[in-house]
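Okay, so the sequence shown: first residue is 137 according to our numbering, each after it adds one. A quick write-up on the structure given underneath.
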Amino acid sequence: MRIANTGETLREILNGHDSKRVLVPTMGALHEGHLVLMRSARNVAGPRGMVIVSIFVNPIQFDRAADLEAYPKPLEEDLAACEKEGVDVVFAPQTDAMYFADRSVTVTESLLSAGLCGATRPGHFDGVCTVVLKLFLISGCNAAVFGEKDFQQLAIIRRMIRDLDVPVKIIECPTVREHDGLAMSSRNVRLTSAQRADAPRIQRSLLAAAQCNDIPQILEIARAGIEASPLTCIDYLLLVDAETLQPATTLKRQAVLAVAVFYGDVRLIDHVII
Ligand code: AMP
137 MRIANTGETL REILNGHDSK RVLVPTMGAL HEGHLVLMRS ARNVAGPRGM
187 VIVSIFVNPI QFDRAADLEA YPKPLEEDLA ACEKEGVDVV FAPQTDAMYF
237 ADRSVTVTES LLSAGLCGAT RPGHFDGVCT VVLKLFLISG CNAAVFGEKD
287 FQQLAIIRRM IRDLDVPVKI IECPTVREHD GLAMSSRNVR LTSAQRADAP
337 RIQRSLLAAA QCNDIPQILE IARAGIEASP LTCIDYLLLV DAETLQPATT
387 LKRQAVLAVA VFYGDVRLID HVII
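Here's what the structure looks like:
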């Protein structure tokens, strides 16, 4: 496995490899959810293709400095996990290798980003689109793998690909969960043991709500289940149309019940399809 810290080094390593290149963009602190993405990348790349994992805690997608500061960065363990998965190249740049101090170009998606995480985390998806497009260009990948866990991010990246004619195929992987149903997240390690024990209520509440067929009732059941704990604070809870991401007005079309919940200063997201 090779490691590149700059775009130049990554291009040198990949130079001459005409086989398929599949990118898995991550912010590190790798867990089983990320490993599933890497396996899917290998499936697509084939044994002779290149699987590239990027590990970069992208500062421009963080709306809270404290969240960026507290984000776990266990690089040595991450590299070992990538090696074990048979990754060909890890791209792990520092911030100054990704951004000029006076950078002045940003990619903005302005429709699907308006609600959900985009509404409560201003600038977040501009940061995501900008870094993802840069990673596509630096790696010259033909395909890239993303988790369905971040379904709004996935929808926005698909829109960016469509609207900017980016020649990258997007591959989607289902959400990987802990045994008790909590969606795996790099932020889970920041939960106290009491918060961690409580957190499976997020998925439980969403699944209970999904049994109903009335929009106000769905929202009420999910809210009541999550707010029954004194440890939670809901950032948003919304039922949105799966395609437009606008608030759902009917259950005749596929909808997504999505939530962001704070446990202390740790923010977790989850959703169910209805
Ligand atoms: P992150 O490192 O959190 O930025 O995530 C990197 C990629 O891993 C994104 O495409 C996420 O959607 C995906 N991912 C994160 N957690 C999970 C999970 N529990 N299951 C599946 N994919 C995930």
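Backbone N, C-alpha and C define an ideal beta-carbon position, used for all residues, glycine too.
> Should ASN194 be labelled buried (16 or more other beta-carbon atoms within 10 Å of its own) or exposed?
Replying inline: buried
>> For LYS270, count the other beta carbons within 10 Å of its own beta carbon; 16 or more makes it buried, fewer makes it exposed. Which is it?
In response: buried
> According to DSSP, what are the bridge partners of MET186?
Replying inline: ARG157
>> Quick check on PHE236: buried or exposed, where buried means 16 or more other Cβ atoms within 10 Å of its Cβ?
In response: exposed
> Is the CB-CB distance between ARG239 and ASP199 below 9 Å?
Replying inline: no
> So does the segment 276–285 actually touch the segment 305–317, counting three or more Cβ pairs closer than 8 Å?
Replying inline: yes
> What number of angstroms, rounded off, separates the C-alpha of ALA201 from the C-alpha of THR385?
Replying inline: 36 Å
> Could you give the residue range of the alpha helix (DSSP H) that holds ILE351?
Replying inline: 351–363
>> Suppose only complete runs of 3+ residues qualify. What are the beta strand (DSSP E) ranges in the segment 206–271, listed by chain order?
In response: 225–227
> Using the C-alpha atoms, what's the distance from VAL243 back to MET296?
Replying inline: 9 Å
> Of all the options LEU375, ILE149, GLN347, which has the alpha carbon lying nearest to the alpha carbon of ALA391?
Replying inline: LEU375
>> Below 8 Å, is the gap between the Cβ of LEU173 and the nearest heavy atom of ligand 1?
In response: yes
> To the nearest angstrom, how far is it from the Cα of CYS369 to the Cα of ILE196?
Replying inline: 25 Å
> Nearest CA to the CA of LEU387: which residue from TYR372, GLY400, LEU318, ILE409?
Replying inline: ILE409
> Where does ASP316 sit, in a helix, a strand or coil, going by DSSP?
Replying inline: coil
>> Tell me the residue span of the beta strand (DSSP E) that contains VAL281.
In response: 279–283
> By how many angstroms is the C-alpha of CYS253 removed from the C-alpha of GLY361?
Replying inline: 21 Å
>> With H, G and I counted as helix, E and B as strand and the rest as coil, what does DSSP make of HIS170?
In response: helix
> Among the residues of its own chain, which have a CB less than 6 Å from the CB of ALA110, if the five just before and after it don't count?
Replying inline: In the structure as shown, the chain begins at 137 and stops at 410. Residue 110 is therefore absent and cannot be evaluated.
> Taking DSSP as the reference, what is the three-state secondary structure of PHE398?
Replying inline: strand
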